[in-house]
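Chemist: If you scroll down you'll find the structure; I have some questions about it.
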Amino acid sequence: SVEHGEIVEHEVRIVESAYPVLLPDDISEATIFVVGAGSGGCLSLQQLTKLGLSAITLADHDVFEERNLSRHLANEMAIGQNKAAYLADYFASRTRTILTPLDVAITPAATGDLDRLVARHTFSVNLTGHPPTSILLSRSCAKQQKICIHAAAFARGSGGFVFLQTPDGPCYECLYDLQRQQASDDPATLEALANQYGYTDADLQAHQGLWADVNVIASV
């Protein structure tokens, strides 16, 4: 570094195992189950499709609305289309990884299907930003002894987190004081979560800074 115009040398400490190895040596056979194709999901897919994986299964039940366009890799042609299907088509010409979209809602009634999806992939990535869905995916990964990476933005874009769930480590529910009933998809829970996020639709449309916040989280 340079201090007061003079070059100062510093001792460099190399940490060889700073990050755990998530992928096998031959990643050409690895597959990922990604849940969530929103603003975080589309940006994370930009990174995931560059890894040279065998396949990515992308699950999301939502469709694009006009208010989504400022924070997604999408244009007006996407409005009304399923997010997973649109993004799978968007990235198809940009990667050799096979992309399979799923228009599916992950609910307590669908845990059997969720378990089968988790079991047949190398690991899962949770990008929903939705606690009830996150709990269900976390439980399924713990049951199947599979790795899951959880990532989301905090309320009002004040920050975010990337959390690695390993078979012998803590799970998503260890992060927060979540109650068992919050795993359900009842309207009261969803309305409460929307209020906690702290933005109206109009606020979200005006708050372009969220795009930068989500970019950082997706890169990590």
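If you use the numbering used here, the sequence shown corresponds to residues 2 to 221, in order. Built from N, CA and C at the ideal position, the CB exists for glycine as well. Model, not experiment: these values are computed from the prediction.
(1) Go ahead and label His5 buried or exposed: buried means 16 or more other beta carbons lie within 10 angstroms of its beta carbon, across all protein chains shown.
(2) If you measure between the beta carbons of Ala89 and Leu59, is that distance less than 7 Å?
(3) With DSSP run on the structure shown, which of helix, strand or coil describes Phe164?
(4) Please identify the residue among Gln47, His11, Leu100, Pro109 whose C-alpha is closest to the C-alpha of Ala216.
(5) Is the beta carbon of His62 less than 7 Å from the beta carbon of Cys43?
(6) Buried or exposed: where does Lys51 fall if 16 or more other Cβ atoms within 10 Å of its Cβ makes it buried?
(7) Pick from Glu66, Ser71, Arg97: whose alpha carbon is nearest that of Ser29?
(8) Check whether the region 130-144 touches the region 101-116, taking contact to mean three or more Cβ pairs, one atom from each stretch, closer than 8 Å.
(9) The beta strand (DSSP E) spanning Leu59 covers which residue range?
(10) Evaluate contact between the region 33-42 and the region 115-133, counting only Cβ atoms and requiring at least three cross-stretch pairs below 8 Å.
Modeler: From the atom records:
(1) The residue labelled residue 5 in the question sits at position 4 within the sequence shown. His5 comes out exposed.
(2) In the sequence shown, counting from the first residue as 1, residue 89 sits at position 88. In the sequence shown, counting from the first residue as 1, residue 59 sits at position 58. Yes, they are a contact pair.
(3) Walking along the sequence shown from the start, residue 164 turns up at place 163. Strand, per DSSP.
(4) Within the sequence shown, the letter at position 215 stands for residue 216. The amino acid at residue 216 is misidentified as Ala; the sequence shows Asn. Considering only alpha carbons, the answer is Gln47.
(5) Locating residue 62 in the sequence shown gives position 61, where the first residue counts as 1. Locating residue 43 in the sequence shown gives position 42, where the first residue counts as 1. Between His62 and Cys43, the CB-CB gap reaches or exceeds 7 Å.
(6) Sequence index remark: in the sequence shown, residue 51 carries index 50 (1-based). Counting the other Cβ atoms within 10 Å of the Cβ of Lys51 gives fewer than 16, which makes it exposed.
(7) By 1-based counting over the sequence shown, the position of residue 29 is 28. Closest by alpha carbon: Arg97.
(8) The count of Cβ pairs closer than 8 Å, one atom from the region 130-144 and one from the region 101-116, reaches three, so the stretches are in contact.
(9) Taking the first residue of the sequence shown as position 1, residue 59 is located at position 58. Where Leu59 is concerned, the enclosing beta strand (DSSP E) stretches over 56-60.
(10) Contact between the region 33-42 and the region 115-133 is present, because at least three Cβ pairs lie under 8 Å.
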